[in-house]
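Residue numbers (my numbering): 2 to 434.
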């Protein structure tokens, strides 16, 4: 009888753990597809700039494309508030699946949108509106998947579990890069420029299936179910976040700033910079991006796991000091234009970005209690990403055009790193809490 009870308990525990892994995996897959959709705009910035923002030069068109890229990010806090409140009022599952549905429509429409040559300035306006809709959706999906994943696991593994959605960002962008490269290889340059670039956007419609799976086959998080049963759901979680947790939000925003800048410097801006200013071919840029995303996906998981072992604050302090020390060297290497050295610099930047974003979700989630977590997490993370990450390509392109050198980006990156170090001085490590 005792043996039967023990075996039953063990079996139930195994099934419970398997279900947790399935739920975390589902949130990661959904997030990967979402980022596949969203990152295509940055990857095709030169083509989108030429098709929808015609200017006197490729650099001018690219600057306009990056401006719209930034506008999409500026919409993220609004989407973050909406989906965050939705998650704290009606459940993480509802918020995550809804945000996924909302991403599929604008992505598909970008794939069929007439260009400036066809309908004039209306094409430009519609592209901006669709990018804004994408930004609203993205305001909920990443932080929704983070809350969904972390609340389905225990305190001991929050760092590693939280790193899974961040790693899936890299895999989603990698998928976009691979699909785009495959289409480029199958089509002629003229075909790709005329209509082939639209195909990856149309493929993104399949994200609908990820949303349907989460809606139909996953359960709500135990943490949310608990506060729901105890009557702990707030009518206005946003009001409490702003009135009680605004200091924690400021700290988390500035901690997040450097990770956002490094990630978008490496993953978005430099890829376009190398193609336009350093003569890299599309194949060279795509291959380099693919290798970097693979490295980032792996290192992100490792750094998230490591933060569970030694604490998150130590990871951030060490990484920030390394960034301050090596970023001048890396940017000067890229300035030289030497192919091999540029590749090494990109790999190092990938590792630095991954070490930062890996433990970041757990650190952000540990700032806030369950009944406001989705709202606070969405607002703080998306505000930081909008202010620092989404504007990075625009700011760096402006600096490069004004100074004529990529080394001008050094000062911006170091300033963000110093602000993050200052914010960490006010952060109490909750890794063990």
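Glycine residues also receive a C-beta, built at the ideal position from the N, C-alpha and C atoms.
Here the structure is a predicted model, which is why all the values come from computation and not from measurement.
>> My output table needs one value for residue 230: the three-state DSSP class, helix, strand or coil.
In response: In this structure, residue 230 counts as helix in the three-state DSSP scheme.
> Counting along the chain, where does the alpha helix (DSSP H) carrying residue 426 start and finish?
Replying inline: Per DSSP, residue 426 belongs to no alpha helix (DSSP H) and is neither H nor E.
>> Taking the alpha carbon of residue 158 as the reference point, which residue from 218, 367 and 31 has its own alpha carbon closest?
In response: Out of 218, 367 and 31, 367 has the C-alpha closest to the C-alpha of residue 158.
> Where does residue 117 fall in DSSP's three states?
Replying inline: Helix at residue 117.
> Closest by CA to residue 40, which one among 55, 51, 71 and 26?
Replying inline: When each option's Cα is compared against that of residue 40, the closest is 71.
>> My assumption, with CB atoms under 8 Å, is that residue 1 sits in contact with residue 163. Please give the rounded CB distance.
In response: Given a span of 2 to 434 for the chain in the structure shown, any question on residue 1 remains unanswerable.
>> To the nearest angstrom, how far is the alpha carbon of residue 400 from that of residue 194?
In response: Cα to Cα, residue 400 sits roughly 29 Å from residue 194.
> Between residue 138 and the rest of its own chain, which residues show a CB-CB distance below 7 Å, the 5 nearest in sequence each way excluded?
Replying inline: For residue 138, where only same-chain residues beyond five positions count, the Cβ hits under 7 Å are 80, 100, 103 and 104.
> Under a Cβ-count criterion, where at least 16 other Cβ atoms within 10 Å of its own Cβ denotes burial, should residue 121 be classed as buried or exposed?
Replying inline: Residue environment: residue 121 is assigned as exposed (fewer than 16 neighbouring CB atoms within 10 Å of its CB, all protein chains considered).
>> Restricting to runs no shorter than 4 residues, where is the alpha helix (DSSP H) found entirely within the region 219 to 286?
In response: DSSP runs (the alpha helix (DSSP H)) wholly in the region 219 to 286: 223 to 230, 238 to 245, 247 to 265 and 271 to 278.
>> I'd like the list of long-range same chain contacts for residue 24, defined as Cβ closer than 6 Å, with 5 residues on each side in sequence excluded.
In response: Only 153 and 219 meet the Cβ criterion.
> How is residue 153 classed by DSSP in three states: helix, strand or coil?
Replying inline: Note: residue 153 maps to coil in three-state DSSP.
> How many angstroms separate the CA atom of residue 3 from the CA atom of residue 22?
Replying inline: Note that residue 3 has pLDDT 45, beneath the 50 cutoff, so the model's placement of it is unreliable and the number below is only indicative. Between residue 3 and residue 22, the C-alpha separation is close to 29 Å.
> By how many angstroms is the C-alpha of residue 250 removed from the C-alpha of residue 409?
Replying inline: In this structure, the straight-line span from the alpha carbon of residue 409 to that of residue 250 is close to 30 Å.
> Out of curiosity, what's the CA-to-CA distance linking residue 28 and residue 403?
Replying inline: It is roughly 42 Å from the alpha-carbon of residue 28 to the alpha-carbon of residue 403.
> Could you give the residue range of the alpha helix (DSSP H) that holds residue 437?
Replying inline: Since the first residue of the chain shown is 2 and the last is 434, residue 437 is not available in this structure.
>> Is any non-hydrogen atom of the ligand NAP found closer than 6 Å to the C-beta of residue 313, if you look at the structure I gave you?
In response: The ligand NAP is not part of the structure shown, which contains no ligands of any sort.
>> On a Cα-Cα basis, can you pick out the residue from 180, 78, 145 and 321 that is closest to residue 136?
In response: Comparing Cα-Cα distances from residue 136 to each of 180, 78, 145 and 321, the minimum goes to 78.
>> Mapping the DSSP letters down to three states, classify residue 196 as helix, strand or coil.
In response: DSSP places residue 196 in the coil class of the three-state scheme, outside both helix and strand.
> Between which two residues does the alpha helix (DSSP H) carrying residue 388 extend?
Replying inline: Here residue 388 belongs to no alpha helix (DSSP H), and DSSP marks it neither H nor E.
> Looking at C-alpha atoms only, which residue of 307, 336, 293 and 203 is the closest neighbour of residue 349?
Replying inline: Among 307, 336, 293 and 203, the Cα nearest to that of residue 349 belongs to 293.
>> Please tell me whether residue 358 and residue 407 are closer than 7 Å, where the distance is taken between their beta carbons.
In response: Contact: no.
> At which residues does the alpha helix (DSSP H) containing residue 162 begin and terminate?
Replying inline: Looking at the DSSP string, the run of the alpha helix (DSSP H) that includes residue 162 is 159 to 187.
>> Rounded to the nearest angstrom, what separates residue 434 and residue 313 at their Cα positions?
In response: Residue placement at residue 434 cannot be trusted, given a pLDDT of 46 that sits under 50; the coordinates are not used to answer.
> Can you round the beta-carbon distance between residue 262 and residue 390 to whole angstroms, since I take them to be within the 8 Å contact cut?
Replying inline: 7 Å between Cβ atoms; contact.
> Is it right to say residue 257 is buried, meaning 16 or more other beta carbons lie within 10 angstroms of its own, or is it exposed?
Replying inline: If you draw a 10 Å sphere on the C-beta of residue 257, you find 16 or more other C-beta atoms in it, and that means buried.
> What do you reckon, are the CB atoms on residue 196 and residue 48 nearer than 7 Å?
Replying inline: Going by C-beta atoms, residue 196 is not nearer than 7 Å to residue 48.
> How many whole angstroms separate the CB atoms of residue 131 and residue 107, which I take to be in contact at a CB cut-off of 8 Å?
Replying inline: About 4 Å separates the Cβ atoms of residue 131 and residue 107, confirming a contact at the 8 Å cut-off.
> Quick one: what does DSSP say residue 405 is sitting in, helix, strand or coil?
Replying inline: Looking at residue 405 - three-state DSSP - the assignment turns out to be coil, as it is neither helix nor strand.
> When the Cα of residue 170 is compared with those of 30, 88, 233 and 242, which residue comes out closest?
Replying inline: The residue with the shortest Cα to Cα distance from residue 170 is 30.
> Which value, in whole angstroms, describes the spacing of the CA atoms of residue 423 and residue 184?
Replying inline: Straight-line Cα distance between these residues: approximately 46 Å.
> Does the beta-carbon distance from residue 415 to residue 352 come in below 7 Å?
Replying inline: Annotated as distal: residue 415 and residue 352, with beta-carbon spacing of 7 Å or more.
>> Along the chain, where does the alpha helix (DSSP H) containing residue 54 start, and where does it finish?
In response: Note, residue 54: premise wrong, no alpha helix (DSSP H); not H, not E.
> If you run the structure through DSSP and keep just helix, strand and coil, what is residue 368?
Replying inline: In the three-state scheme derived from DSSP, where H, G and I count as helix and E and B as strand, residue 368 is classed as coil.
> How about residue 242 and residue 328: are their beta carbons less than 7 Å apart?
Replying inline: No. Outside cutoff.
> Around the Cβ of residue 270, are there at least 16 other Cβ atoms within 10 angstroms (buried) or fewer (exposed)?
Replying inline: Residue 270 is classed as buried because its beta carbon has at least 16 other beta carbons within 10 Å across all chains shown.
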